[in-house]
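**Student:**
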Amino acid sequence: MSEPQPHASMRDLVEWFIHDRFATKTEKLPADDPKYLGLQQQFEPQAWLADAARRVGQLQVVTHSLKAIHPDAKGTNLYVEPGQLNQSGLVGSYCLPADFQGDVVGNAAALDVYKFLKLEWQGRTLLERALEFDEALIDALSQDREEAESWVRAFASITEPKGMPSSHVMGKQLYWLVGDDPTDDKSYHLLAPLYATALTHRFYAQVSPNTWFFGDHNKAARKALKEKAPFESGYTSYPNLAVQKLGGTKPQNISQLNSERGGQNYLLASLPPNWESREVYAPMRDPFRAFKRRPNVWRIVDELKRFLETDPAKNMHTRDLRDDLTSMLVDELMLFTFDIHSLAPGWTADEKCQLAPEERYWLDPGRADADSEFAEARRQSCWHETISSRAASWLNRELSDKSPLSLGDAEHHHWKRQFEGIVKEFRQQLDDLQEALRDEDDDRGGAA
Numbered sequence: 001m002s003e004p005q006p007h008a009s010m011r012d013l014v015e016w017f018i019h020d021r022f023a024t025k026t027e028k029l030p031a032d033d034p035k036y037l038g039l040q041q042q043f044e045p046q047a048w049l050a051d052a053a054r055r056v057g058q059l060q061v062v063t064h065s066l067k068a069i070h071p072d073a074k075g076t077n078l079y080v081e082p083g084q085l086n087q088s089g090l091v092g093s094y095c096l097p098a099d100f101q102g103d104v105v106g107n108a109a110a111l112d113v114y115k116f117l118k119l120e121w122q123g124r125t126l127l128e129r130a131l132e133f134d135e136a137l138i139d140a141l142s143q144d145r146e147e148a149e150s151w152v153r154a155f156a157s158i159t160e161p162k163g164m165p166s167s168h169v170m171g172k173q174l175y176w177l178v179g180d181d182p183t184d185d186k187s188y189h190l191l192a193p194l195y196a197t198a199l200t201h202r203f204y205a206q207v208s209p210n211t212w213f214f215g216d217h218n219k220a221a222r223k224a225l226k227e228k229a230p231f232e233s234g235y236t237s238y239p240n241l242a243v244q245k246l247g248g249t250k251p252q253n254i255s256q257l258n259s260e261r262g263g264q265n266y267l268l269a270s271l272p273p274n275w276e277s278r279e280v281y282a283p284m285r286d287p288f289r290a291f292k293r294r295p296n297v298w299r300i301v302d303e304l305k306r307f308l309e310t311d312p313a314k315n316m317h318t319r320d321l322r323d324d325l326t327s328m329l330v331d332e333l334m335l336f337t338f339d340i341h342s343l344a345p346g347w348t349a350d351e352k353c354q355l356a357p358e359e360r361y362w363l364d365p366g367r368a369d370a371d372s373e374f375a376e377a378r379r380q381s382c383w384h385e386t387i388s389s390r391a392a393s394w395l396n397r398e399l400s401d402k403s404p405l406s407l408g409d410a411e412h413h414h415w416k417r418q419f420e421g422i423v424k425e426f427r428q429q430l431d432d433l434q435e436a437l438r439d440e441d442d443d444r445g446g447a448a
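Its first residue numbered 1, the sequence shown is counted upward by one per residue in UniProt numbering.
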């Protein structure tokens, strides 16, 4: 979808959105195609608006959703403004700012209606105007006032629960003791927890590594640490961050915001500190042999092997579990990478180091700061592809070792694709950081 341009009126904005949707749907159809002509009628502004007012009933804007509890749960979702919630002193949805982002649940095929309601005109969305029964919106939708008012009421209903309040057999239920006698059923309230999806989305944006690890502030902090220079403010870190995947291969079936996050939902560690005083050793020969020695790695590999040896059915559940375990291995590979990066730069230049060039580029990026020949070779190398391929080969070997499993090129291709997605992104971010640091050094040298 193209970016909205300044419009002379709200009506122009409405017609632009509908026409842009039509252009997207018909970009590969010739004008004389019967399907093209049918879409032309369907996307006539008044026809599309009437249909949108009907389809909006398939959606609900929410702050708290049920489907995240279980994808098959069908019950009440809630939309509650943060100001309507009690301030408990703990972090909760009441902490959300006025411009928080609501989520959408319902029929994913009707999400274009929500995108329409998110359009802004003079600082306010069409949804905000619909909730206020805005006169300007009524005038913009139709010359028939009765028709326009019915559409506005329909659009405003997107925040209202559908039907009577209800839970579902797939939803969670919690008996909460409110009285003094645990043996008396009347001493309990039955709670039906909902997922704080609006708060989760805000939290995700805050703790995402793209925000804190690769943010400008933390880049400056790491640079100060490297140069042993003072740094005025703190450094953000979220240790032992876990990822909860919702929706499997179809995160859009949970909600719109869950789809935008690719199904990822971060969880802070709630376990007591585990002090580990271990020294990081440079892997002079085989980095994957060192990687395998990590406790979580062999545990995950063993779990994946035992699962595949059961010859599971080829269905979505199998794919999701297999991919979740592989994603955990990818995460462990990145943690291993970070550990090795904590070593003094240049350790791969030691004559005892027998690593392949691509492995040196991967595990010793700091060497490039003092070794221009190494830096140029690393820059021109597609080491992320080679490392991903070797990681896939290593995983195939580990799974096949002392096992009836027969894994070949197809499995190698699948593992490689999962490793490469993360390793390539990491390489890009690492290269960008090093380039920025070099530019700053050049600027400082020029000023001197």
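Just so you know, even glycine gets a beta-carbon here, dropped at the ideal spot from N, CA and C.
Compute the Euclidean distance between the alpha carbons of Glu-359 and Ala-391, then round it to the nearest angstrom.
**Tutor:** 11 angstroms
**Student:** Which value, in whole angstroms, describes the spacing of the CA atoms of Asp-331 and Ser-393?
**Tutor:** If I take the Cα positions, the gap works out to 17 angstroms.
**Student:** Grab me the residues of Arg-411's own chain with a C-beta within less than 7 angstroms of its C-beta, minus the 5 sequence neighbours each way, in chain order.
**Tutor:** Residue identity check: residue 411 is Glu in the sequence provided, not Arg. Answer for Glu-411: Asn-396, listed in chain order.
**Student:** Is Ser-381 helix, strand or coil when you go by DSSP?
**Tutor:** coil
**Student:** For a test of the three-state rule: what should DSSP assign to Lys-305, helix, strand or coil?
**Tutor:** helix
**Student:** Apart from the five residues on each side of it in sequence, which residues of its chain come closer than 7 angstroms, Cβ to Cβ, to Gly-262?
**Tutor:** Pro-251
**Student:** Within 10 angstroms of its Cβ, does Thr-310 collect 16 or more other Cβ (buried), or is it exposed?
**Tutor:** With fewer than 16 other Cβ atoms from the protein chains shown falling within 10 Å of its own Cβ, Thr-310 counts as exposed.
**Student:** Could you check where the alpha helix (DSSP H) with Trp-151 kicks off and where it finishes?
**Tutor:** 145-156
**Student:** Look at the alpha carbon of Glu-279 and the alpha carbon of Phe-338, and state the distance between them as a whole number of angstroms.
**Tutor:** 13 angstroms
**Student:** Does Lys-416 pass the burial test, meaning 16 or more other C-beta atoms within 10 Å, or should it be called exposed?
**Tutor:** By the 10 Å Cβ count, Lys-416 comes out buried.
**Student:** Considering just the uninterrupted stretch of the alpha helix (DSSP H) at Ala-136, what are its terminal residues?
**Tutor:** 135-141
**Student:** Whole angstroms is fine: what's the gap from Ala-344's alpha carbon to Asp-350's?
**Tutor:** 12 angstroms
**Student:** Which first and last residues belong to the beta strand (DSSP E) in which Asp-103 is found?
**Tutor:** 103-106
**Student:** Output the distance between the C-alpha atoms of Met-316 and His-413, rounded to the nearest integer angstrom.
**Tutor:** Between the C-alpha atoms of Met-316 and His-413 there is a straight-line separation of about 19 angstroms.
**Student:** Below 9 angstroms between beta carbons: does that hold for Thr-63 and Ala-229?
**Tutor:** no
**Student:** Using a Cβ-Cβ cut-off of 8 angstroms (strictly less than) and excluding sequence neighbours within five positions of Lys-186, which residues of its own chain qualify?
**Tutor:** Gly-179
**Student:** Any contact of the segment 150-164 with the segment 25-32, i.e. 3+ C-beta pairs under 8 angstroms?
**Tutor:** no
**Student:** Would a C-beta distance cut-off of 9 angstroms place Trp-293 and Leu-308 closer than the cut-off?
**Tutor:** What sits at residue 293 in the sequence shown is Arg, not Trp. For the 9 angstroms CB-CB criterion, Arg-293 and Leu-308 do not form a contact.
**Student:** Hey, quick one: how far does the beta strand (DSSP E) through Asn-253 stretch, first residue to last?
**Tutor:** Asn-253: not part of any beta strand (DSSP E); DSSP gives it neither H nor E.
**Student:** Closest by CA to Ala-109, which one among Lys-118, Leu-59 and Leu-141?
**Tutor:** Leu-59
**Student:** In the DSSP output, which residue or residues are listed as bridge partners for Ala-242?
**Tutor:** Leu-267
**Student:** To the nearest angstrom, how far is it from the Cα of Lys-245 to the Cα of Pro-6?
**Tutor:** 39 angstroms
**Student:** Can you tell which of Glu-260, Lys-162, Leu-241 and Leu-174 has its C-alpha closest to the C-alpha of Thr-249?
**Tutor:** Glu-260
**Student:** Per DSSP, what kind of secondary structure is Val-169 in: helix, strand or coil?
**Tutor:** coil
**Student:** Please work out which residues of its chain come closer than 8 angstroms, Cβ to Cβ, to Glu-400, disregarding the five sequence neighbours upstream and downstream, and give them in chain order.
**Tutor:** The sequence given here places Ser at residue 400; Glu does not occur at that position. Closer than 8 angstroms at the Cβ level, and outside the excluded window around Ser-400, lie Ser-406 and Leu-407.
**Student:** What residues in its chain sit with their C-beta under 8 angstroms from that of Leu-177, if we drop five residues either side in the sequence?
**Tutor:** Counting only Cβ-Cβ distances below 8 angstroms, and skipping sequence neighbours, we find Ser-187 and Tyr-188.
**Student:** If you count every other CB in all the chains shown that lies within 10 Å of the CB of Phe-17, and 16 or more means buried, which is it?
**Tutor:** buried
**Student:** Hey, is the segment 139-146 in contact with the segment 90-101, meaning 3+ C-beta pairs nearer than 8 angstroms?
**Tutor:** no
**Student:** Do the segment 369-384 and the segment 415-432 make contact, defined as three or more Cβ pairs closer than 8 angstroms?
**Tutor:** yes
**Student:** Would you please state the rounded distance, in angstroms, between the beta carbons of Lys-172 and Ile-254? I believe it to be under 8 angstroms.
**Tutor:** With 8 angstroms as the limit, Lys-172 and Ile-254 do not qualify as a contact, their Cβ atoms being about 15 angstroms apart.
**Student:** Going straight from the alpha carbon of Phe-133 to that of Met-164, what length do you get?
**Tutor:** 24 angstroms
**Student:** What's the call for Glu-44, buried or exposed, on a 16-neighbour Cβ count within 10 Å?
**Tutor:** Label assigned to Glu-44: exposed.
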